[in-house]
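Everything on this sheet refers to the single structure shown next.
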Amino acid sequence: MPVRSNVGASSGEDSYVVGVEASQAALAGLQSPRLFLVFSSSRYDQEAVVRGVRSVVGAEALIAGCTTAGEIATQGPLERASVVVMALELEGVRAAVGVSDTVAQDARQAGAQAAQSVREQLGEDPVFAIMFPDVIVGNGSDVVRGVLDALGEHFPVVGGAPGDDYQFVRTYQYANDTIISGGVVVLGFAGDLAFGVGVKHGWAPISRPHKVTRAQGA
């Protein structure tokens, strides 16, 4: 089944207004989107941003996202602190948002808890997931391992770590109207969904491969 989407972005001084404007722009050309991915500069009041988004998308819409180290929209990376919203119409596809705020205490268990919440809400195994784990307070690899503990060793999951405009102090994650720090949000999909995953990096080898056996310092 088709998945239709659109992206809106806004910047300014008023956190609530920026959330409203980005969401309104994301709705353009769509009929009934019910999933919204929200990415925001950490410079904004996060509660006000999410309230602004919610005021536009309605009470029944799903919201997932996080703060970033730089927002990207259709036109490319944005030069100013901003909020970016992607609206998605999911025909024949169901989605659910799971969350855990215990990455600092047990990263692996947090990943498993959020993923299990997604499965319970869907009432079946998801086929694909997107995750946003706080890696400042915990080990991101352990969060991924927890998600795979819950959903299967070879389950397809993608995502990224939230940022805080390169402050490396505190990030925020969004799960509907819940805003947390030190947690993980897992967005899972079930139904007739065709998807692909691509991975690439910008590094180039400068020597033969080596194995690191010991390291000291950060």
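Read left to right, the sequence shown gives residues 1 to 218 (my numbering).
Think of the CB as a built atom: it goes at the ideal place given N, C-alpha and C, for glycine as much as any other residue.
Per DSSP, reduced to three states, the secondary structure at Y174 is strand. For G19, the enclosing alpha helix (DSSP H) begins and ends at S15 to L27.
Nearest neighbour of E120 by Cα position, chosen from D142, D134, V99 and P133, turns out to be V99. Scanning the stretch 80-168 from its first residue to its last, the whole beta strand (DSSP E) runs of 3-plus residues come out as 83-90, 93-100, 128-133 and 157-159. Beta-bridge partners of V3 (DSSP): L90. For G52, the uninterrupted alpha helix (DSSP H) segment begins and ends at Q46 to V57. Between Q167 and V185, the beta carbon gap of about 20 Å keeps them out of contact (Cβ cut-off 8 Å). In the structure shown, the three-state DSSP call for P77 is strand. In the DSSP assignment, A215 falls outside any beta strand (DSSP E), carrying neither H nor E. If you look at F189, you'll find it in the beta strand (DSSP E) that goes V184 to G191.
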